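Per the numbering used here, the sequence shown runs over residues 71 to 523.
C-beta: ideal position from N, C-alpha, C; glycine also.
As the structure is a computational prediction, the values presented were derived from the model and not from experiment.
See below for the structure under consideration.
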Amino acid sequence: MSLGPRHSVRGSRATIVGAARSGMAAARLLNAYGSRVFVTESGRMSAEDENELRDLGVAYEFGGHTSTGLDADFLVTSPGVPPGASLLVQARENETPVYSEIEVASWFCTAPVIGITGSNGKTTTTSLTGHVLSQSGRKTWVAGNIGLPFAAIVDRVSAEDVVVLEVSSFQLEHTATFRPRISILLNITPDHLDRYGGSMSRYAAAKYRLCAYQGQGDTLIYNLDDPLLEDLAYRTPELDRLGISLEKTTAAGYVRDDTIHLCLDGKDEPLMETEQLALRGKHNLYNSLAAAVAARVMEVRSDVVRESLATFEGVPHRLEPVREVQGVRYINDSKATNVNAVWYALESMRDPVILLAGGRDKGNDYGPLRPLVSQKVKSLVCFGEAAGVIAEAVGDAAGRSLRARDLEEALELASAEAQSGDVVLLSPACASFDQFDNYEQRGNAFKRLVNNL
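This is how it looks when you write it as structure tokens:
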């Protein structure tokens, strides 16, 4: 059956694969619009979710996926379900469409969408873009991979609003019509390669899907300084392509002489000095440029953009100051789950660093961190499953290298190493799943431990 924004789902049979946040949101949405929904979860399901599904009259199973899930017109898969899961493989063999939750939610959205992806910076840029648009007076919804799922908010969104979505590569794998009014591709660096068979090209292809269904009248904002994004201009000739750069003054948003310039419609406009930005660090220049260009495309006045970029308060778990104890600053960068994010974190540090790195390895090459570790890191404390791999790759580049079983012991060692004027930085370069459910839980645990010092 043909499904999409102009087609009703009433009477369709939909199987939701995975009962996490996005799966439950998709189940509620499709059920509300008349689909016959079936939810299948490979693990356990909370009593709260079971009760809700029963109240909605939605059939479900947990503890494994059975063939019942294949009796559907389409499947909706959660980001955490690997593409090689047997149920998804069988569905594709049966030529049954498999969609992501953001794809399904987009069928019901009448407002313009700004979609944001990248290996690093997407949460900050999504929050920052939402802040700028909200300050302009427009009703703005920030959702997706940050906050609430798209499907959880879409039925409350009016055509006059704007939706700002953080979108991961996992969420983009199963799109078919998802068409943002503005797409922002920040960067592509090695991440999640365990999911993509070690292939950067497969990972990049998933990211490129953000703009795959855009067309005439849509805008692509992308990083001209990223070699993996340079050829997007040739892939998307029909789009309004706007580059951001710290090096090229031909970009729509660029930095020259410590001043942010915007150049849209052929008019070069000095916006503000970089020292006025609320967010510090080279990586945040890119994030601020992307948000500024997107806001101007949405016709937000320059004075509102300037004020918003100067007052933004940042996002949790991304270079988040926690506390200062006896002259030692503790910073939570738990969201730095890949090497490039740690590189940017270290690059922004001006004081000696005791770096806490570790967790579950994702097939990362930690070698590129060696120069910055040598320059900035006084002591390296490696913890978790990846401790040995990280220590072997960069341990000898640090002043000292220590090993810990888990995050709690790592913080104990770091606190013992730290002296007044130092920074204890949790910037793991790894996934959290060896000890925690997600990076938020890891970051909150770190903050709790620091506040108990």
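Annotated three-state conformation of C333 is strand, per DSSP.
Considering only L126, A155, E478 and G491, the residue with the shortest C-alpha distance to Q505 is E478. By the beta-carbon neighbour count (other beta carbons within 10 angstroms, threshold 16), R388 is buried. Annotated three-state conformation of K517 is helix, per DSSP. For a cut-off of 8 Å, the C-beta gap from T245 to C281 is around 11 Å, too long to register as a contact. As the crow flies, the alpha-carbon of F453 is around 11 Å from that of S497.
Residue environment for G207: exposed (fewer than 16 other C-beta atoms within 10 angstroms of its C-beta). Per the DSSP secondary-structure output, L312 pairs in a beta bridge with I291. Exposed is the label assigned to G127, since fewer than 16 other Cβ atoms lie within 10 Å of its Cβ. By the CB criterion at 9 Å, A362 and V202 fall inside the cutoff. Around the beta carbon of G285, a 10 Å sphere encloses fewer than 16 other beta carbons of the protein chains shown; the residue is thus reported as exposed. Residue state for T85 is assigned as strand, using DSSP reduced to three classes. Cβ neighbours of Q396 within its own chain (closer than 7 Å, five residues either side excluded): S490. Around the Cβ of A276, a 10 Å sphere holds 16 or more other Cβ atoms; the residue is buried.
Counting along the chain, R326 sits inside the beta strand (DSSP E) bounded by residues G323 to R326. The alpha-carbon separation between A501 and E345 amounts to approximately 33 Å. By the C-beta density criterion, P152 is exposed, having fewer than 16 other C-beta atoms within 10 angstroms. In this structure, DSSP gives F240 a helical state, which the three-state scheme calls helix.
Straight across, the Cα-Cα distance linking Y273 with N434 is about 13 Å. In the three-state DSSP reduction, G428 falls in the strand class (E or B).
Using a Cβ-Cβ distance cut-off of 8 Å, the stretch 84-93 and the stretch 106-120 are in contact, since at least three pairs of beta carbons, one from each stretch, lie closer than that value. In this structure L123 does not touch V174 by the C-beta definition: roughly 17 Å separates them, more than the 8 Å allowed. With contact defined as three or more Cβ pairs closer than 8 Å, the stretch 152-163 and the stretch 131-142 are in contact. Secondary structure at M419: coil, using DSSP grouped into helix, strand and coil. In this chain, N215 is not harboured by any beta strand (DSSP E), its DSSP state being neither H nor E.
At least 9 Å separates the beta-carbon of N402 from that of E417. Closest in alpha carbon position to G465, among L481, V447 and A364, is V447. With a threshold of 16 other beta carbon atoms within 10 Å, N257 meets it and is buried. Nearest C-alpha to V146 among T195, V168 and F132: V168.
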